[in-house]
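These notes concern the structure reproduced below.
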Amino acid sequence: MATGPRYKVAFRRRREGRTNYYTRKKLLSSHEVRAVVRRSNKNITVQFVDFTMGGDVVLAAADTKQLKKFGWENSCSSIPAAYLVGYAAGLRAKKADIEYAVLDIGMQNPQHGGVLFAVAKGMIDAGLEIPVSEDVLPDEDRLNGKHIDDKIEADVNSVKQKLEAE
Numbered sequence: 006m007a008t009g010p011r012y013k014v015a016f017r018r019r020r021e022g023r024t025n026y027y028t029r030k031k032l033l034s035s036h037e038v039r040a041v042v043r044r045s046n047k048n049i050t051v052q053f054v055d056f057t058m059g060g061d062v063v064l065a066a067a068d069t070k071q072l073k074k075f076g077w078e079n080s081c082s083s084i085p086a087a088y089l090v091g092y093a094a095g096l097r098a099k100k101a102d103i104e105y106a107v108l109d110i111g112m113q114n115p116q117h118g119g120v121l122f123a124v125a126k127g128m129i130d131a132g133l134e135i136p137v138s139e140d141v142l143p144d145e146d147r148l149n150g151k152h153i154d155d156k157i158e159a160d161v162n163s164v165k166q167k168l169e170a171e
């Protein structure tokens, strides 16, 4: 890379396309707990993170891989799985005395009614206050998996009951 007084090298995470520092600064300056949602091809992770000068501190977390111990045998990257992991993360956040969080989806591409907003709907149903428009949340049929298979709706309800009993 070029060096010299006329050239400034961007931060590594910005060069890699992993961090938008403008958005991160706005989120951190709000002094609110962030609900960080990250998605891969096979997994969805939700963490409630608070900023400190020593670094971010994770207060509560949930992962779709953890749904398997509650009897979830379907895809871990689907909308029903996203809803359930958001619900589980919301319940754990309530136990950690978190009432309000700001949704942080990072550099992911948001789609109305998609996986990222299914996670937000799960956290809202768990009793958290998440500032999200009702227009972007998926409808109940998609959250229960009716668009995939009729069997998934029963699985969603049973896993949800097991999460509440936890």
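Be aware that the sequence shown starts at 6, since it is given in the numbering used here, and climbs by one per residue.
Note that the Cβ used here is the ideal one computed from N, Cα and C, for glycine as well.
Cβ-based neighbour list, residue i, same chain, cut-off 6 Å, excluding 5 preceding and 5 following
{"i": "Thr69", "result": "Asn48, Ile49, Cys81, Ala86, Val90"}
{"i": "Ala178", "result": "Here the chain comprises residues numbered 6 to 171, so residue 178 is not present and cannot be evaluated."}
{"i": "Asn149", "result": "Glu158, Val161"}
Residue i versus residue j - alpha carbon distance
{"i": "Gly127", "j": "Lys13", "result": "43 Å"}
{"i": "Asp102", "j": "Val141", "result": "27 Å"}
{"i": "Thr24", "j": "Arg18", "result": "6 Å"}
{"i": "Ala123", "j": "Ser138", "result": "12 Å"}
{"i": "Pro143", "j": "Gly95", "result": "17 Å"}
{"i": "Leu64", "j": "Phe56", "result": "10 Å"}
{"i": "Met58", "j": "Arg29", "result": "14 Å"}
{"i": "Tyr105", "j": "Lys156", "result": "34 Å"}
{"i": "Val42", "j": "Lys100", "result": "19 Å"}
{"i": "Pro115", "j": "Asp146", "result": "20 Å"}
{"i": "Gln166", "j": "Arg20", "result": "44 Å"}
Residues near residue i in its chain [Cβ-Cβ closer than 8 Å; skip 5 each side]
{"i": "Val107", "result": "Leu32, Ser35, Glu37, Val38, Arg39, Ala40, Ile135, Pro136"}
{"i": "Lys151", "result": "Ile157, Glu158"}
First and last residue of the uninterrupted beta strand (DSSP E) at residue i
{"i": "Gln52", "result": "49-57"}
{"i": "Asp68", "result": "60-68"}
Classification of residue i by the beta-carbon crowding that lies within 10 angstroms, buried from 16 upward
{"i": "Phe16", "result": "exposed"}
{"i": "Asn46", "result": "exposed"}
{"i": "Val54", "result": "buried"}
Cut-off 7 Å between Cβ atoms - residues of its own chain near residue i, not counting five sequence neighbours on either side
{"i": "Gln113", "result": "Arg44, Leu121"}
Residue range of the alpha helix (DSSP H) that includes residue i
{"i": "Val41", "result": "No alpha helix (DSSP H) contains Val41, which is instead part of the beta strand (DSSP E) from 39-44."}
{"i": "Leu142", "result": "Note, Leu142: premise wrong, no alpha helix (DSSP H); not H, not E."}
{"i": "Val90", "result": "84-100"}
Would you say the stretch 146-163 touches the stretch 65-79, given that touching needs at least three Cβ pairs under 8 Å? yes
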